[in-house]
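A quick write-up on the structure given underneath.
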Amino acid sequence: MNQRPPASSLLVRLSILGLIGAFAAPSFALQGAPPPPGDPPTERGQRGDGQRRGGDEGRREGEGGRRDGGRFGGGFGRGPGLIRRFADSFRPDYLRRDLPLIREQLKLDEAQALLVETLLSDYEEAFMPASEQAQTQLEEQGRAIAQSFMNEGVRDRMRQAQSQLQADLEQIAAESGGEIDPEVRSRLIRERMSKVMEEMRQERDKTGATAEMQATMAGMIDIVEKWKGKRTQLRDEFVNGLKSTLTPDQSSGWLAFERFMRRERALPQGTLSGESVNLFAIVDDAELSKETMASITPILDRYEIELDEALKARDSFLDQSEIKFLRAAQSSNQREVDETARRASELHKVVRDVNDRYRVEVVAALPEDQRGTIERAALVAGYDRVYRPTQAERSFDVALALEDLAPEMKPPIEALQTQFSSEVATLNERIMTQVQKQEPQDVIEDAGRLMSILNGMPPMGGFGGRGFGGRGGGEQAGPLQDLYSKRGDLSDAYMRRLRDLLTAEQREKLPQRGGGRGGQFAGGFGGGGGGALGSGRIADMPGPIQDRVREYDTNKDGIIDETERRAVMEALRRDFGPGGGAGGPGGGGGGGGGERGNRNNAS
Numbered sequence: 222m223n224q225r226p227p228a229s230s231l232l233v234r235l236s237i238l239g240l241i242g243a244f245a246a247p248s249f250a251l252q253g254a255p256p257p258p259g260d261p262p263t264e265r266g267q268r269g270d271g272q273r274r275g276g277d278e279g280r281r282e283g284e285g286g287r288r289d290g291g292r293f294g295g296g297f298g299r300g301p302g303l304i305r306r307f308a309d310s311f312r313p314d315y316l317r318r319d320l321p322l323i324r325e326q327l328k329l330d331e332a333q334a335l336l337v338e339t340l341l342s343d344y345e346e347a348f349m350p351a352s353e354q355a356q357t358q359l360e361e362q363g364r365a366i367a368q369s370f371m372n373e374g375v376r377d378r379m380r381q382a383q384s385q386l387q388a389d390l391e392q393i394a395a396e397s398g399g400e401i402d403p404e405v406r407s408r409l410i411r412e413r414m415s416k417v418m419e420e421m422r423q424e425r426d427k428t429g430a431t432a433e434m435q436a437t438m439a440g441m442i443d444i445v446e447k448w449k450g451k452r453t454q455l456r457d458e459f460v461n462g463l464k465s466t467l468t469p470d471q472s473s474g475w476l477a478f479e480r481f482m483r484r485e486r487a488l489p490q491g492t493l494s495g496e497s498v499n500l501f502a503i504v505d506d507a508e509l510s511k512e513t514m515a516s517i518t519p520i521l522d523r524y525e526i527e528l529d530e531a532l533k534a535r536d537s538f539l540d541q542s543e544i545k546f547l548r549a550a551q552s553s554n555q556r557e558v559d560e561t562a563r564r565a566s567e568l569h570k571v572v573r574d575v576n577d578r579y580r581v582e583v584v585a586a587l588p589e590d591q592r593g594t595i596e597r598a599a600l601v602a603g604y605d606r607v608y609r610p611t612q613a614e615r616s617f618d619v620a621l622a623l624e625d626l627a628p629e630m631k632p633p634i635e636a637l638q639t640q641f642s643s644e645v646a647t648l649n650e651r652i653m654t655q656v657q658k659q660e661p662q663d664v665i666e667d668a669g670r671l672m673s674i675l676n677g678m679p680p681m682g683g684f685g686g687r688g689f690g691g692r693g694g695g696e697q698a699g700p701l702q703d704l705y706s707k708r709g710d711l712s713d714a715y716m717r718r719l720r721d722l723l724t725a726e727q728r729e730k731l732p733q734r735g736g737g738r739g740g741q742f743a744g745g746f747g748g749g750g751g752g753a754l755g756s757g758r759i760a761d762m763p764g765p766i767q768d769r770v771r772e773y774d775t776n777k778d779g780i781i782d783e784t785e786r787r788a789v790m791e792a793l794r795r796d797f798g799p800g801g802g803a804g805g806p807g808g809g810g811g812g813g814g815g816e817r818g819n820r821n822n823a824s
């Protein structure tokens with residue numbers, strides 16, 4: 222069966238795409254990062270056996286356990302949890318290709334496997350057409366909403382407003398000697414754009430466009446609610462059929478199987494950094510000795526139970542809250558929206574904290590010579606934008622491996638590498654602390670932005686604390702932005718010192734910068750869990766963004782590198798005026814990525 226790419230809920234996806242199409246402003250962000258690198262879709266085997274599964278046996282296909290079955294591509298990455306769940310609701314929980322995994326975990330015999338294969342086939346064949354039907358219904362209504370924001374009149378008005386703002390900023394800069402205070406610039410941009418949006422909202426109210434859109438949204442919520450009921454029915458029918466095939470001995474392992482499947486399905490749905498880490502996969506890939514595995518198995522047993530409880534609590538609340546949240550947002554019930562978002566944020570944080578706490582405990586129980594490797598793997602898996610190697614780290618490794626490196630140059634380079642590693646480690650700890658503090662608040666703020674979208678107007682910032690004027694997190698300059706800038710400066714300083722120790726030919730062999738240093742496009746369009754540009758891989762970007770950026774992939778390697786990102790940024794600045802960018806109006810010297818978006822940077 223040909224299956225389409227993963228879905229995103231049209232309730233949100235088409236609305237946001239409509240806004241981007243209408244305003245084409247980078248500050249309206251799509252969160253397009255794929256699941257965090259380093260979280261492979263493998264799992265520890267049947268709990269308690271302490272064995273590593275070789276090859277692909279027991280693996281669920283697809284990135285991070287994500288299922289196929291949707292129509293509009295991925296694109297929300299670590300977006301707001303409720304939004305992410307809308308996307309996942311169009312993917313089946315089980316597929317026929319899961320049969321080897323189910324057979325292994327429940328120890329099915331040949332006859333049982335044939336029965337389960339039939340159940341899987343029936344489930345999949347019932348699920349896919351029903352999912353397609355629901356998505357088609359949503360698409361038909363969502364297209365009208367998107368088009369209402371994409372008309373040329375709206376585009377022209379926004380372009381005119383931004384052109385006037387650009388001229389005013391240039392005049393202020395000229396009158397003040399060429400410099401504008403960043404706070405003054407940000408405030409002016411927010412005030413001006415807020416005024417334009419309010420005027421547009423009033424016009425939509427007068428013409429009845431807002432009421433019409435809200436009625437359409439209400440109908441879309443009804444479709445989603447009906448689909449959720451059908452989806453649950455199909456899943457329960459399959460699960461009950463599967464359980465009926467088991468012997469009493471096999472049934473005794475059902476709870477462990479449920480925990481396994483819950484990790485497979487639910488861990489990739491994390492919203493916060495660190496939330497989707499799979500410590501079983503980290504340990505599995507480390508290929509530890511039997512003695513070492515035996516020493517950490519009691520810790521992993523506790524981790525399994527505590528993680529499962531956290532996942533159940535999180536997903537139970539989100540399942541029960543999805544429709545209520547949408548209706549509250551669509552009816553502008555700010556109190557209920559805030560309460561739901563706050564509780565969701567708390568539950569996402571509980572899952573993240575379980576992973577963080579057990580990472581520390583597992584590492585502490587390992588032999589000293591293995592701690593650093595596994596801790597690094599877990600940190601990169603959970604906080605990849607913080608702990609992925611910087612340009613300087615990659616360059617030191619390349620330099621020390623150069624075949625033509627003079628022997629007398631190796632000691633000073635190694636000393637420089639040690640010094641940099643110490644300094645960047647301290648900065649990374651500070652960055653991670655700030656990420657852990659900022660992201661739960663972003664979940665709450667994102668809910669308010671979603672409410673604006675569902676009521677017919679774009680929010681003043683994209684998802685993840687990003688606002689007009691290139692500032693994330695509201696009125697204050699972002700501490701996370703400052704930390705990333707410091708790390709970028711540190712990396713640049715050590716790069717200069719390293720290059721001074723190399724010949725011109727050797728310098729050419731050093732890796733180029735692979736990620737931004739902040740700015741609007743550090744994490745894609747406004748950042749936010751990877752932004753629309755995400756890791757830079759065009760194939761991972763939402764379809765509309767792929768079409769826009771493909772022409773800038775000058776070396777045709779399928780990746781938008783730093784130079785190409787700058788070209789994309791400059792093109793959008795030319796087309797659409799102020800907002801973010803490297804020092805452009807509203808950019809604050811490249812601060813447009815916002816705080817949450819800047820966790821994507823590896824300077």
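Numbered according to the working numbering, the sequence shown spans residues 222 to 824. Here a beta-carbon is modelled for each residue, glycine too, at the ideal position from N, C-alpha and C. Every value quoted in this text rests on a predicted model; they were computed, and no experiment measured them.
- When DSSP states are grouped into helix, strand and coil, Ile401 belongs to the coil group.
- Judged by their CB atoms, Val619 and Arg609 are not nearer to each other than the 9 Å cut-off.
- The C-beta distance from Val607 to Met653 rounds to 5 Å, short enough to meet the 8 Å contact threshold.
- Three or more beta-carbon pairs drawn from the region 573-585 and the region 517-525 are found closer than 8 Å, and the two stretches are therefore classed as touching.
- Take Leu568, set aside five residues on each side of it, and the residues of its chain with a beta-carbon closer than 7 Å to its own are Ala534, Arg535 and Phe538, in chain order.
- In this structure, Met630 lies near Leu723, with their beta-carbon atoms less than 9 Å apart.
- Note on geometry: alpha-carbon atoms of Val504 and Pro732 lie some 30 Å from one another.
- Residue burial annotation: Arg480 is buried, with at least 16 other C-beta atoms found within 10 angstroms of its C-beta.
- DSSP, reduced to helix, strand and coil, places Ile780 within a strand of the structure shown.
- Annotation for Ser510: no alpha helix (DSSP H) segment contains it, and DSSP assigns it neither H nor E.
- In this structure, Phe459 and Leu340 form a Cβ contact; the two beta carbons are roughly 6 Å apart against a cut-off of 8 Å.
- Annotation note: the region 329-402 contains the following uninterrupted alpha helix (DSSP H) runs of length 4 or greater, listed N- to C-terminal: 331-370 and 373-396.
- With the rule of 3 Cβ pairs closer than 8 Å, the region 662-670 counts as touching the region 560-575.
- When only Cα atoms are considered, Ala332 and Asp319 end up about 17 Å apart.
- Runs of the alpha helix (DSSP H) lying entirely within the region 475-544, each at least 4 residues long, are 475-487 and 500-507 in chain order.
- Judged by DSSP in its simplified three-state form, Arg720 adopts helix.
- Looking at Gly593, Thr594, Lys707 and Arg592, the one whose alpha-carbon comes closest to that of Phe641 is Lys707.
- Distance check between Ile517 and each of Gly757, Ser473, Ile442 and Ala585 places Ala585 closest, using alpha-carbon atoms only.
- One thing to note: Pro588 has its Cβ no nearer than 9 Å to the Cβ of Thr639.
- In the three-state scheme derived from DSSP, where H, G and I count as helix and E and B as strand, Arg771 is classed as helix.
- Within 10 angstroms of the beta-carbon of Ala365 lie fewer than 16 other beta-carbons, which makes it exposed.
- Only residues of its own chain outside the window of five on either side were considered, and among them Glu400 and Ile401 have a CB closer than 7 Å to the CB of Ala394, listed in chain order.
- In the DSSP assignment, Arg573 falls within the unbroken alpha helix (DSSP H) covering Gln555 to Ala585.
- Collapsing the DSSP output to three states places Arg758 in a strand.
- Under the three-state reduction of DSSP, Lys730 is assigned to coil, being neither helix nor strand.
- Sequence-distant Cβ neighbours of Leu528 in its own chain, meaning closer than 6 Å and more than five residues away, are Val575.
- Contact between Thr431 and Gln362 is absent: CB atoms are separated by about 16 Å, not below the 8 Å threshold.
- Distance from Arg486 to Asp314 at the Cβ level is roughly 6 Å; contact confirmed, criterion being Cβ atoms closer than 8 Å.
- For the set Val656, Gln326, Gly669 and Phe311, the Cα lying nearest the Cα of Gly495 is the one of Val656.
- Looking only at Val445, Val417 and Glu396, the smallest Cα-Cα distance to Leu386 is reached by Val417.
- Around the Cβ of Leu476, a 10 Å sphere holds fewer than 16 other Cβ atoms; the residue is exposed.
- Shown here for Glu785: same chain residues with a beta carbon closer than 7 Å to its own, the five before and five after excluded, namely Tyr773, Asp774 and Thr775 in chain order.
- By alpha-carbon distance to Leu626, the top candidate from Gln727, Arg717 and Leu335 is Gln727.
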